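In my numbering, the protein residues as written are 203 to 660.
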């Protein structure tokens with residue numbers, strides 16, 4: 203892997219959908235860099251500090267959320283002199299997103315009073331009253347022709363279907379939820395999944411015309427659904443719950459065909475490879491060398507020498523570190539809080555929040571755990587390569603951790619003092635964006651060979 207030099211950032215950073223640019227928020231400035239040379243190609247000045255940025259799907263426009271102001275500003279890369287400012291007045295702006303056609307911006311006002319669709323082609327705007335959420339509760343189907351928007355009126359939740367061409371309401375139906383948490387179109391556009399708040403375990407599958415296809419409730423009288431995700435192929439629906447279990451439904455009968463439990467102790471006959479991150483001091487005899495104190499690298503310890511991090515394959519049984527959440531505080535850190543599918547839908551990775559240092563990787567063909575990665579620090583983020591079966595994760599240290607079906611290994615960042623707190627792929631899987639607290643860098647990732655020979659000692 204090759205790393206760029208670090209660049210300053212004070213907020214969100216993201217690749218453009220065509221992978222040609224990376225947008226970086228630096229206080230009130232929006233910096234657009236070329237991903238090949240990392241030269242600045244555009245520099246836009248906003249009216250306040252940037253809280254949020256999002257690219258249009260055609261990579262021609264980009265919006266900036268100035269939520270402290272509150273207002274939205276949009277910019278064009280092809281027409282730098284073109285400007286757009288959206289101000290809802292006293293209603294405020296709590297969130298903004300692009301429509302799939304890249305020519306409309308959807309904003310949600312404070313206190314969810316209304317959702318407004320703003321056109322960049324003319325001055326027309328369309329209002330949807332009483333959206334349920336600010337940043338959630340809106341989902342577009344795959345071809346971008348329809349939008350499903352959650353609303354609430356008369357103490358009941360509804361799903362409104364809007365045409366993304368005329369922005370007229372094509373239909374509306376009530377859903378059987380007490381307090382709708384979110385919704386999402388299936389990848390094949392045949393159904394919409396809706397799930398309730400954690401206080402009520404309820405997952406509902408609706409057809410676009412409002413028919414309830416299936417109602418799933420794993421248990422009662424306990425905190426319920428925490429994460430929901432469709433597989434990329436659209437055949438599976440994964441549900442992570444507060445009871446520390448992952449359940450997977452199939453798209454034909456909507457029945458549960460797999461249930462995975464995150465055990466605190468892994469015993470035989472489990473066939474999973476368990477990789478544990480360990481420090482391996484390299485003892486170097488430097489007694490005869492005279493070095494300046496400023497020369498010593500940040501990961502050098504006088505008593506231990508240079509620190510090398512690697513994975514060690516553990517033998518069963520293995521007890522995983524677990525943290526019991528306090529019973530007297532809300533929003534307990536337990537249950538499946540991280541859930542992500544691989545591109546081919548064969549693997550799914552999960553993190554049980556009461557075991558924040560362990561990442562579980564499940565094989566959907568064999569219906570068993572394939573590997574467990576045990577880190578020294580809590581896992582901050584885990585993302586799959588968009589082109590192959592490769593998983594990367596970070597823990598806030600200076601290392602990147604990778605897993606493939608052939609094994610797991612660690613990569614140390616050559617940037618001194620750079621702690622990786624978040625990471626994102628570009629669309630073709632050739633470049634990785636790494637974030638520190640106040641800086642970012644990019645790393646080129648070589649493609650996996652046909653027969654990967656990576657091992658835990660690489």
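Glycine included, every Cβ here is placed at the ideal spot set by N, Cα and C. No experiment lies behind these values; they were computed from the predicted model shown.
Kindly give me the distance between the Cβ atoms of residue i and residue j, rounded to whole angstroms, as I take these residues to be in contact under 8 Å.
i           : j           : result
residue 395 : residue 439 : 6 Å
residue 205 : residue 617 : 6 Å
residue 308 : residue 315 : Residue 308 to residue 315, Cβ: 14 Å. No contact.
residue 476 : residue 516 : 4 Å
residue 226 : residue 211 : 5 Å
residue 393 : residue 409 : 6 Å
residue 269 : residue 233 : The pair is not a contact, with the Cβ atoms about 19 Å apart (cut-off 8 Å).
residue 304 : residue 260 : 4 Å
residue 190 : residue 635 : Past the edges of the chain, shown from 203 to 660, lies residue 190, and the structure says nothing about it.
residue 352 : residue 301 : Actually they are not in contact, since the Cβ atoms of residue 352 and residue 301 sit about 17 Å apart, beyond 8 Å.
residue 435 : residue 615 : Incorrect: roughly 34 Å between the Cβ atoms, too far for contact.
residue 159 : residue 333 : With the chain running from 203 to 660 in the structure shown, residue 159 is simply not present.
With a 10 Å radius around its C-beta and 16 neighbouring C-beta atoms as the bar for buried, classify residue i as buried or exposed.
i           : result
residue 413 : exposed
residue 218 : buried
residue 505 : A caution first: residue 505 carries a pLDDT of 38, below 50, which makes its placement in the model unreliable, though a value can still be read off. Exposed is the call here.
residue 398 : buried
residue 502 : Its pLDDT being 45, under 50, residue 502 is placed unreliably in this model, and the value from its coordinates should be taken loosely. Exposed is the call here.
residue 649 : exposed
residue 498 : Here residue 498 scores only 47 on pLDDT, less than 50, and its place in the model is too uncertain to base an answer on.
residue 568 : exposed
residue 427 : buried
residue 423 : exposed
residue 643 : buried
residue 252 : buried
residue 273 : buried
residue 609 : buried
residue 406 : buried
residue 306 : buried
residue 281 : exposed
residue 290 : buried
residue 529 : exposed
residue 640 : exposed
residue 288 : buried
residue 574 : buried
residue 374 : exposed
residue 481 : exposed
Bridge partners of residue i, per DSSP?
i           : result
residue 431 : 440
residue 593 : 586, 605
residue 355 : 358
residue 306 : 321
residue 452 : 438
residue 265 : 256, 276
residue 341 : 350
residue 641 : 210
residue 521 : 467
residue 394 : 387, 408
residue 541 : 552
residue 403 : Residue 403 pairs with nothing; no bridge assigned.
residue 510 : 482
residue 635 : 626, 644
residue 477 : 515, 575
residue 382 : 398
residue 204 : 646
If I follow the unbroken beta strand (DSSP E) through residue i, where does it start and stop?
i           : result
residue 359 : 358-365
residue 247 : 242-247
residue 330 : 327-331
residue 273 : 273-278
residue 374 : 371-376
residue 217 : 215-217
residue 225 : 223-228
residue 461 : 458-463
residue 554 : 549-554
residue 573 : 570-576
residue 647 : Segment: none, residue 647 is in no beta strand (DSSP E) and carries neither H nor E.
residue 563 : 560-565
residue 236 : 231-236
residue 417 : 414-418
residue 297 : 297-300
Output yes if chain C places a C-beta closer than 7 Å to the C-beta of residue i; else output no.
i           : result
residue 297 : Included in the structure is just one protein chain, with no chain C present.
Heavy atom of the ligand NAD less than 6 Å from the Cβ of residue i, yes or no?
i           : result
residue 314 : In terms of ligand content, the structure shown is empty, and the ligand NAD therefore cannot be addressed.
State whether the region 620-634 contacts the region 531-542, with contact taken as three or more CB pairs (one from each stretch) at a distance under 8 Å.
-> The region 620-634 is not in contact with the region 531-542.
Okay, do the region 545-553 and the region 581-592 touch, 3+ Cβ pairs below 8 Å being the bar?
-> yes
The region 383-390 / the region 336-347 touching (three or more Cβ pairs under 8 Å) = yes
Three or more C-beta pairs below 8 Å linking the region 457-470 and the region 513-528 | yes
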